[in-house]
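Chains as they are written, first to last, in UniProt numbering: chain G, 1 to 249; chain Y, 1 to 249.
In this text, a Cβ means the ideal position worked out from N, Cα and C, and glycines have one as well.
Keep in mind the model is a prediction, meaning the values are calculated, not measured.
Down below is the structure, laid out as structure tokens.
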DNA sequence: GCATCCATCATTGTATACAATAGGCTCGAT
DNA sequence: ATCGAGCCTATTGTATACAATGATGGATGC
């Protein structure tokens, strides 16, 4: 709890590589905290229910609470973080009902994405998708947290290639929230099956077969949804610090 | 430019009536600024391109820049406000391409809403819708800025009645952004036609006719979309202060 | 032993100070 | 008059101080 910690941490400049979304809260600092936390959540390093104390996060990322606060607000807007007045932030714990809503919205959005893609997809796009699936396969082998993230990013990539930025943003959001839902309700699944299903979607798109692609997607999401089971972690006081260090880069 | 203005303004407590979304940035203060600005934007009192200076807003709402900043960040996340680093916030000016994306997403989402509603709508829900349409008709008569807002709120109400919170949030967002788009690209339309079309949608829902409802909605949105024309307001330096006062309550 | 109350502490909410940046403006030179 | 260099001011970015709120734990009474 020593004060004046940052002076030491502050690198002279942090030129964050690539602003993921067009929307930015402000400078690159809160963005960096935001994306760090986001990644930690999506890779399930931070688990639903974990307390996100502003001071702790600020300490680990080398910024003041002001910045952390902005990042948390953004994560809250996305539904990844619960923010209770005067009690602070925790990783969101979607109820089963919310989970259902998210999946339904996701289905609806991704159908539209595929409909667009089946019409306008280019060979270059297909190449990118193939490459991504390959990446998934490789990461999936040694089942790192990266595999979880990559599985989601496949869908985000699809949405981005659709060319509709609004759709892309929403898909990004629902996919992220699905990570949370799986963390809460699913057994530690091997995502091998996912990869296979992703490949099928790409194949259908290559054939410009909107119908088959949609079917494949429906089946895929159905499979993911049905992994919703029991489970509930409740370590009252997990120490986040060491985890945050891994994501503060 | 006198400092220490707020002491005078600060009411002892501001028990904001109803938190629109479950997501809250923090306390009720930023919420109040947020919703005030939002309403001003949606009612087209604030126009695309208008500069939103933190100090000015803070002064009018009787809060510090900290609070204003949180509100602006949230509006930015919703796509209603552009936030450029070191240059501040302006009301968003969606490009035609963005406008198209928004409308496409909106169509997709609202179809899903209608599909759900056609199955599960109750008589009580229908009554609420009827009541709302009546309200629209009344407000539309003397064409206040409220009419614009109410037209949008019809769609938001539909989404909320659908029972899917995620869907509702997204519909809320795209509908709001449509206000901006209309402000930019449409002639000052009388929304009488809208009301009529809204009534048709309600009628279709009463008959539990998903198909007819969807058709009506498609037609309705089509009509709205096609009002996209020319126009561009560019008062370089509009004075926002008097407008803000009307929304600071 | 168990519940209750109060003191203490940890944490959040908010205003504000200070630094950095951007844009405008004056002034002089061409 | 037009252009550019350099100050000047308005505004944003960020850390921090202080207040308020909620949790925690220990002493007290039953």
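message: Which of the three DSSP states is assigned to residue 207 of chain G in this structure?
response: In the structure shown, the three-state DSSP call for residue 207 of chain G is coil.
task: Indicate the three-state DSSP secondary structure (helix, strand or coil) for residue 90 of chain Y in the structure shown.
output: Here residue 90 of chain Y sits in strand by DSSP.
task: Can you give me the start and stop residues for the alpha helix (DSSP H) that residue 171 of chain G sits inside?
output: From DSSP, the alpha helix (DSSP H) with residue 171 of chain G extends over 165 to 185.
query: Within 7 Å (strictly less), CB to CB, does residue 108 of chain Y reach chain G?
result: Between residue 108 of chain Y and chain G, the shortest Cβ-Cβ separation is below 7 Å.
query: Does the beta carbon of residue 175 of chain Y sit closer than 7 Å to a beta carbon anywhere in chain G?
result: By this cut-off, residue 175 of chain Y is not an interface position.
- prompt: Closest Cβ-Cβ distance between residue 327 of chain G and chain Y: below 7 Å?
  reply: Because chain G in this structure spans residues 1 to 249, residue 327 of chain G falls outside the shown range and cannot be described.
message: Against chain Y, with Cβ distances strictly below 7 Å, would residue 34 of chain G count as a contact?
response: Residue 34 of chain G does not count as touching chain Y.
message: Which of the three DSSP states is assigned to residue 123 of chain G in this structure?
response: Looking at residue 123 of chain G - three-state DSSP - the assignment turns out to be helix.
task: Classify residue 50 of chain G as helix, strand or coil using the three-state DSSP reduction.
output: In this structure, residue 50 of chain G counts as coil in the three-state DSSP scheme.
message: Would you call the segment 108 to 115 of chain Y in contact with the segment 158 to 168 of chain Y, where contact means no fewer than 3 C-beta pairs closer than 8 Å?
response: Segments in contact, yes.
Cα-Cα separation, residue 248 of chain Y to residue 173 of chain G: Roughly 31 Å separates the two Cα atoms.
message: Checking 7 Å against the spacing of the C-beta atoms, do residue 150 of chain G and residue 48 of chain G come in under that value?
response: It is not a contact, given that the beta carbons lie outside the stated cut-off.
- prompt: Closest to residue 198 of chain Y by CA distance: which of Y/244, Y/142, Y/79, Y/126 is it?
  reply: That would be Y/126, whose Cα lies nearest to the Cα of residue 198 of chain Y.
7 Å Cβ cutoff, residue 93 of chain G in contact with chain Y: Not an interface residue.
- prompt: Taking just the CA atoms, how far does residue 205 of chain Y sit from residue 211 of chain G?
  reply: Answer to the nearest angstrom: the Cα atoms are 28 Å apart.
task: Please compile the residues from chain Y whose C-beta is within a distance smaller than 8 Å of the C-beta of residue 74 of chain G.
output: The answer, in chain order, is 73, 77.
- prompt: If we count the other Cβ atoms within 10 Å of its Cβ and call it buried at 16 or more, is residue 242 of chain Y buried or exposed?
  reply: Looking at its Cβ environment, which holds fewer than 16 other Cβ atoms inside 10 Å, residue 242 of chain Y is exposed.
Nearest-angstrom beta carbon gap, residue 245 of chain G and residue 29 of chain G [assumed within contact, 8 Å]: 17 Å between Cβ atoms; not a contact.
field: Straight-line gap, residue 136 of chain Y to residue 32 of chain G (C-alpha atoms, nearest Å)
entry: Roughly 45 Å separates the two Cα atoms.
Backbone CA spacing between residue 86 of chain G and residue 44 of chain Y [nearest angstrom]: The C-alpha of residue 44 of chain Y is placed about 34 Å away from the C-alpha of residue 86 of chain G.
field: Buried or exposed (CB count within 10 angstroms, at least 16 for buried), residue 76 of chain Y
entry: With 16 or more other Cβ atoms within 10 Å, it is buried.
message: If distances are taken between C-alpha atoms only, which option among G/82, G/175, G/74, G/117 comes closest to residue 254 of chain G?
response: Residue 254 of chain G falls outside the range modelled here, since chain G spans only 1 to 249, and no answer is possible.
task: Identify, in the order they occur along the chain, each residue of the same chain with its Cβ nearer than 6 Å to the Cβ of residue 78 of chain G, setting aside the five sequence neighbours on each side.
output: 173, listed in sequence order.
query: Which value, in whole angstroms, describes the spacing of the CA atoms of residue 35 of chain G and residue 36 of chain Y?
result: Spanning the two alpha carbons is a distance of roughly 29 Å.
message: Using 8 Å for Cβ pairs, my map puts residue 80 of chain G next to residue 240 of chain G. What's the rounded Cβ distance?
response: By a beta-carbon distance limit of 8 Å, residue 80 of chain G does not contact residue 240 of chain G. Their separation comes to about 15 Å.
message: Quick check on this structure: which residue in Y/209, Y/195, Y/64 has the alpha carbon closest to the alpha carbon of residue 148 of chain Y?
response: When only C-alpha atoms are compared, the closest one is Y/195.
- request: Give the range of the beta strand (DSSP E) segment to which residue 83 of chain Y is assigned.
  value: Where residue 83 of chain Y is concerned, the enclosing beta strand (DSSP E) stretches over 81 to 84.
- prompt: Given that a residue counts as buried once 16 or more other Cβ atoms are within 10 Å of its Cβ, and exposed if not, what is residue 101 of chain G?
  reply: Buried, because 16 or more other Cβ atoms sit within 10 Å of the Cβ of residue 101 of chain G.
task: For my contact list, residue 72 of chain G and residue 89 of chain G are in at a C-beta cut-off of 8 Å; report their separation, rounded to the angstrom.
output: About 5 Å separates the CB atoms of residue 72 of chain G and residue 89 of chain G; that is less than 8 Å, so the two are in contact.
- request: Would you list, in chain order, the members of the segment 136 to 167 of chain Y that have their beta-carbon closer than 7 Å to a beta-carbon of chain G?
  value: For chain G, the residues of the segment 136 to 167 of chain Y that bring a beta carbon within less than 7 Å of one of its beta carbons are 164, 165, 166, 167, in chain order.
field: Exposed unless 16 or more other CB atoms sit within 10 angstroms - verdict on residue 24 of chain G
entry: With a pLDDT of 49 at residue 24 of chain G, under the threshold of 50, the modelled position of that residue is not reliable, and no figure is offered here.
- request: Consult DSSP for residue 100 of chain Y and reduce its assignment to one of helix, strand or coil.
  value: When secondary structure is reduced to three states using DSSP, residue 100 of chain Y falls in the helix class.
message: Classify residue 122 of chain Y: buried if its beta carbon has 16 or more other beta carbons within 10 angstroms, exposed otherwise.
response: Counting Cβ neighbours within 10 Å, residue 122 of chain Y comes out exposed, since fewer than 16 surround it.
message: Could you tell me the alpha carbon to alpha carbon distance between residue 70 of chain Y and residue 62 of chain Y, rounded to whole angstroms?
response: Each residue's CA atom was taken as its position, placing residue 70 of chain Y and residue 62 of chain Y some 15 Å apart.
query: What does a CB cutoff of less than 8 Å around residue 67 of chain Y pick up in its chain, not counting 5 residues either side in sequence?
result: Excluding residues within five positions, the ones whose Cβ falls inside 8 Å are 29, 30, 33, 58, 61.
- prompt: Looking only at C-alpha atoms, which of Y/54, Y/157, Y/214, Y/171 sits nearest to residue 83 of chain Y?
  reply: Nearest option by C-alpha distance: Y/54.
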